[in-house]
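A.B. asks:
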């Protein structure tokens, strides 16, 4: 059956049990619908048994609304074992940790350079996906520390959609005057989780069902933390400003932007061990929270969640209802909740022990807990947006991984070429100029770290006094260029008295055969063109990432000539050896030997087969089978005499 049929049925029967005509007399209509559902539920009884203890309760008054029963059937199809496995294997946890999380693990108080750096990182990660519309809500507001610039980041998958489900978190960190606060759980991990989520589901977004009104929207709030003490005015700067702005932004029908938000899902304080989430708004988002509970249960049952060292697993989502204030725990959802938006607040209670402590750093994060929550969140969002669980274009754990493998193979192949024909050895000697350092600064790359990973070996960075002199003249335009070059080892180029152009300097360093085995790193097209004529010079440049050129024609020609010379040397050695044999060794006269004919007869090594004594004759239908023997024909004596006379 199509999953859309059950969603239509659930909408049709929603609230039916509350209608007065269904409560009259014997509840005939209500009972008929229950019996219909009961017949369908026999196919999914295993999942429903957890919710119903006795079957006769269904005919009287089911403990859950009718919509739940249809959702169970819909989830049965969506939450197949292979489908869940495909969704959880879309991404690579190391990519999440290295690419998304690590750049955020710095102090990022609102209005500071660290805050700007993290904001640029989030925007660049979203822009790389090329299908998100990104806007910023920039404003200046008075704080206890004076006026501060804030900026909320809003990313929308489909701006034309009429409804949005919001996934939100805050990317700023709190200011402490007695220690440096990183805020790994508060809230670097939630930001990285959202970035990883949209990157891994990016391919599936293309193949979702058409004509869906609801799209995904990400909000990264600035200014959630208080500068002094948490009050209504000294906290939630970004969320308060955005909520009031969207409330006043009306469309043609007189409805504001908050009306289009179906659910507001906020993530916070995620990343420590033994976290437990509660439903702080059971009247608004109970169905969503129950979906999270069910997803975690199914993932665990299908061995897709990580257990601890004792093979134990503690559930992250608790069905226990606790008493909380009107708007739950104070967080970025409060301004939206006050304006009538439905909230699902995913924050653990009690708070982690490292909350607002110096220990809220990368070392104290629990990777197992983060990976388990990441799996639940991925399946939950895919289910909410009705994404397919698999597509052939998205089944290879992202094309990014395949491209990375091909890139590594390409580098290994090129380096093997220079090792075999030009005797390059590790650690590689890398010669860089100012243009390469400038490109690395623009792309925020650490040259030593990036090149060592790219070349998969240790490296030594070198430069020349001519390159430093050129960078010194450009110090005012590019302040960080000169310190970058001075961190490299300066090799003698012979131009200390009078500096020459970097082209001539590098040309003299390489000579004709590149005897020092330098790997050249430059963005200068002129230098690249000149040094391509010199054999055995690998050239590396930056185009958003580090790239290496294929061996030049001069290098390939040397390699082919060297191979042909080796073959000629081998042929010459064979000729010399044959000549020495003729001179030193005495030739014996050639004598023809007649081959002796071997005696014909029985093979002396052969043995006769033993006769089977008392063999059991084969019987077919009770009749003994006789062995078929060849019939011998006898010739009479008078015919033999006639034949002799004829021959005579």
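Residue numbers (UniProt numbering): 1 to 648.
All C-beta atoms, glycine included, are put in the ideal place defined by N, C-alpha and C.
On a predicted model such as this, the values are computed, not experimentally measured, just so you know.
On the three-state DSSP scale, how would you describe residue 499?
C.D. replies: Indexing the chain shown from 1 puts residue 499 at position 499. Here residue 499 sits in coil by DSSP.
A.B. asks: Can you give the beta carbon distance from residue 374 to residue 193, rounded, assuming they're within the 8 Å contact cut?
C.D. replies: For this step, residue 374 is matched to residue 374 along the chain shown. For this step, residue 193 is matched to residue 193 along the chain shown. Indeed, because the Cβ distance is near 6 Å, the residues count as touching under 8 Å.
A.B. asks: Quick check: the Cα distance between residue 537 and residue 114, rounded to an integer number of angstroms?
C.D. replies: The count along the chain shown starts at 1 and reaches residue 537 at position 537. The count along the chain shown starts at 1 and reaches residue 114 at position 114. Each residue's Cα considered, the two are about 40 Å apart.
A.B. asks: As a quick exercise: from 380, 360, 102, pick the residue whose alpha carbon is nearest that of residue 180.
C.D. replies: Your numbering for residue 180 matches position 180 in the chain shown. Per the Cα distances, 360.
A.B. asks: For residue 112 and residue 444, what's the separation of their Cα atoms in angstroms?
C.D. replies: Here the question's residue 112 lines up with position 112 in the chain shown. Here the question's residue 444 lines up with position 444 in the chain shown. Near 18 Å, if we compare the C-alpha coordinates of residue 444 and residue 112.
A.B. asks: Just to confirm the assignment: which complete beta strand (DSSP E) runs, minimum length 3, are found wholly within the region 280-354?
C.D. replies: Complete beta strand (DSSP E) runs here, min 3: 343-346.
A.B. asks: Shortest alpha-carbon distance to residue 388 belongs to which of 268, 204, 131, 125?
C.D. replies: The residue you call residue 388 lines up with position 388 of the chain shown. Checked all of 268, 204, 131, 125; the closest Cα to residue 388 is 204.
A.B. asks: Buried or exposed: residue 140, going by 16 or more other Cβ atoms within 10 Å of its Cβ?
C.D. replies: As a first step, residue 140 is located in the chain shown; it is residue number 140 there, counting from the start. When all chains shown are included, residue 140 counts as exposed.
A.B. asks: Which whole-angstrom value describes the C-beta separation of residue 234 and residue 163, a residue pair presumed to lie in contact below a C-beta threshold of 8 Å?
C.D. replies: Position 234 of the chain shown, counted from the first residue, corresponds to residue 234. Position 163 of the chain shown, counted from the first residue, corresponds to residue 163. Not quite, the Cβ-Cβ distance comes to about 33 Å (not below 8 Å), so this is no contact.
A.B. asks: Drop a sphere of 10 angstroms on the beta-carbon of residue 121, count the other beta-carbons inside from all chains shown, and report buried for 16 or more, exposed for fewer.
C.D. replies: The residue given as residue 121 occupies position 121 in the chain shown. That one is buried.
A.B. asks: Are the CB atoms of residue 434 and residue 471 nearer to each other than 8 Å?
C.D. replies: By one-based count along the chain shown, residue 434 stands at place 434. By one-based count along the chain shown, residue 471 stands at place 471. In this structure, residue 471 lies closer than 8 Å to residue 434 by Cβ.
A.B. asks: On the criterion of 16 or more Cβ atoms from any shown chain inside 10 Å, does residue 249 qualify as buried, or is it exposed?
C.D. replies: For the purposes of this step, residue 249 is identified with residue 249 of the chain shown, where counting begins at 1. The residue in question, residue 249, is exposed, as its Cβ has fewer than 16 Cβ neighbours within 10 Å.
A.B. asks: Please report the straight-line C-alpha distance between residue 320 and residue 350, rounded to a whole angstrom.
C.D. replies: In the chain shown, residue 320 corresponds to position 320, counting from 1. In the chain shown, residue 350 corresponds to position 350, counting from 1. The alpha-carbon atoms of residue 320 and residue 350 are separated by roughly 13 Å.
A.B. asks: Would you kindly work out how many angstroms separate the C-alpha atoms of residue 527 and residue 185, rounded to a whole number?
C.D. replies: On the chain shown, residue 527 is found 527 positions in, with the first residue counted as 1. On the chain shown, residue 185 is found 185 positions in, with the first residue counted as 1. Straight-line Cα distance between these residues: approximately 48 Å.
A.B. asks: Consult DSSP for residue 179 and reduce its assignment to one of helix, strand or coil.
C.D. replies: What you label residue 179 is simply residue 179 of the chain shown in a count that begins at 1. The answer is coil: DSSP assigns residue 179 none of H, G, I, E or B.
A.B. asks: Can you give me the Cβ contacts of residue 642 inside the same chain, cut-off strictly under 8 Å, excluding the 5 residues immediately before and after it?
C.D. replies: Walking along the chain shown from the start, residue 642 turns up at place 642. Same-chain partners within the cutoff: there are none.
A.B. asks: What's the C-alpha gap between residue 256 and residue 522?
C.D. replies: What you label residue 256 is simply residue 256 of the chain shown in a count that begins at 1. What you label residue 522 is simply residue 522 of the chain shown in a count that begins at 1. Cα to Cα, the separation comes out at about 53 Å.
A.B. asks: Whose CA, out of 83, 638, 370, lies closest to the CA of residue 189?
C.D. replies: Residue mapping note: residue 189 aligns to position 189 of the chain shown, counting from 1. If we check each option's Cα against that of residue 189, 370 comes out closest.
A.B. asks: Less than 7 Å between C-beta atoms, sequence neighbours within five positions excluded: which residues of the same chain meet that for residue 228?
C.D. replies: For this step, residue 228 is matched to residue 228 along the chain shown. Cβ within range, chain order: 144, 234.
A.B. asks: Strictly by DSSP, which residues pair up with residue 491?
C.D. replies: Residue 491 sits at position 491 when you count from the first residue of the chain shown. Bridge partners of residue 491: 464.
A.B. asks: If we ignore side chains and look at the alpha-carbon of each, how far apart do residue 307 and residue 547 end up?
C.D. replies: In the chain shown, counting from the first residue as 1, residue 307 sits at position 307. In the chain shown, counting from the first residue as 1, residue 547 sits at position 547. Distance between the alpha carbons of residue 307 and residue 547 is about 41 Å.
A.B. asks: Report the CB separation of residue 91 from residue 196 in whole angstroms; it is logged as a contact under 8 Å.
C.D. replies: Position 91 of the chain shown, counted from the start, is the residue given in the question as residue 91. Position 196 of the chain shown, counted from the start, is the residue given in the question as residue 196. Between residue 196 and residue 91 the Cβ distance is about 6 Å, and since that is below 8 Å, they are a contact.
A.B. asks: Suppose you measure from the CA of residue 606 to the CA of residue 600; what does that come to, to the nearest Å?
C.D. replies: Counted from its first residue, the chain shown places residue 606 at position 606. Counted from its first residue, the chain shown places residue 600 at position 600. Taking the straight line from one Cα to the other gives about 14 Å.
A.B. asks: Going by Cα to Cα distance, which pick from 297, 116, 160 is closest to residue 223?
C.D. replies: In the chain shown, residue 223 corresponds to position 223, counting from 1. Residue 116 is the option with its Cα nearest to residue 223.
A.B. asks: Measuring CB to CB, does residue 152 end up less than 8 Å from residue 271?
C.D. replies: Your numbering for residue 152 matches position 152 in the chain shown. Your numbering for residue 271 matches position 271 in the chain shown. No; because the gap between Cβ atoms is not below 8 Å, this pair is not in contact.
A.B. asks: Excluding sequence positions up to five away, which residues of its chain have a Cβ less than 6 Å from the Cβ of residue 19?
C.D. replies: Sequence index remark: in the chain shown, residue 19 carries index 19 (1-based). At residue 19 the pLDDT is 44, less than 50, meaning the model places this residue with poor confidence; the figure from the coordinates comes in the next sentence. Excluding sequence neighbours, residue 19 sits near nothing in its chain.
A.B. asks: For the beta strand (DSSP E) containing residue 170, name the first residue and the last one.
C.D. replies: For the purposes of this step, residue 170 is taken as the residue at position 170 of the chain shown. Residues 163-170.
A.B. asks: Helix, strand or coil for residue 138? Go by DSSP, reduced to three states.
C.D. replies: To locate residue 138, count along the chain shown from 1; it is residue 138. Strand, per DSSP.
A.B. asks: How would you label residue 510, buried or exposed, when you count the other beta carbons within 10 angstroms and need 16 or more for buried?
C.D. replies: The count along the chain shown starts at 1 and reaches residue 510 at position 510. Label assigned to residue 510: buried.
A.B. asks: Which residues in the same chain have their Cβ closer than 8 Å to the Cβ of residue 462, if we skip the five residues on either side of it in sequence?
C.D. replies: Stepping through the chain shown from its first residue, residue 462 is reached at position 462. Taken in chain order, the residues that qualify are 429, 430, 431, 432, 488, 489, 490, 491, 518.
A.B. asks: Quick check: residue 332 and residue 168, are their CB atoms within less than 8 Å of each other?
C.D. replies: Locating residue 332 in the chain shown gives position 332, counting from the first residue. Locating residue 168 in the chain shown gives position 168, counting from the first residue. Yes.
A.B. asks: For the candidate residues 535, 268, 202, 384, whose alpha-carbon lies nearest to that of residue 393?
C.D. replies: In the chain shown, the residue the question calls residue 393 occupies position 393. Selected option, being the one with the closest Cα: 202.
A.B. asks: Any idea if residue 356 is buried or exposed, counting beta-carbon neighbours within 10 angstroms, 16 or more meaning buried?
C.D. replies: Walking along the chain shown from the start, residue 356 turns up at place 356. Exposed, because fewer than 16 other Cβ atoms sit within 10 Å of the Cβ of residue 356.
A.B. asks: From this set, 132, 417, 266, 341, which residue's C-alpha is nearest residue 347's C-alpha?
C.D. replies: Position 347 of the chain shown, counted from the start, is the residue given in the question as residue 347. Checked all of 132, 417, 266, 341; the closest Cα to residue 347 is 266.
A.B. asks: How is the alpha helix (DSSP H) around residue 191 delimited, first residue to last?
C.D. replies: The residue labelled residue 191 in the question sits at position 191 within the chain shown. Start and end: 189-200.
A.B. asks: Residue 84 and residue 302: beta carbons closer than 8 Å?
C.D. replies: One-based indexing of the chain shown puts residue 84 at position 84. One-based indexing of the chain shown puts residue 302 at position 302. Yes, they are a contact pair.
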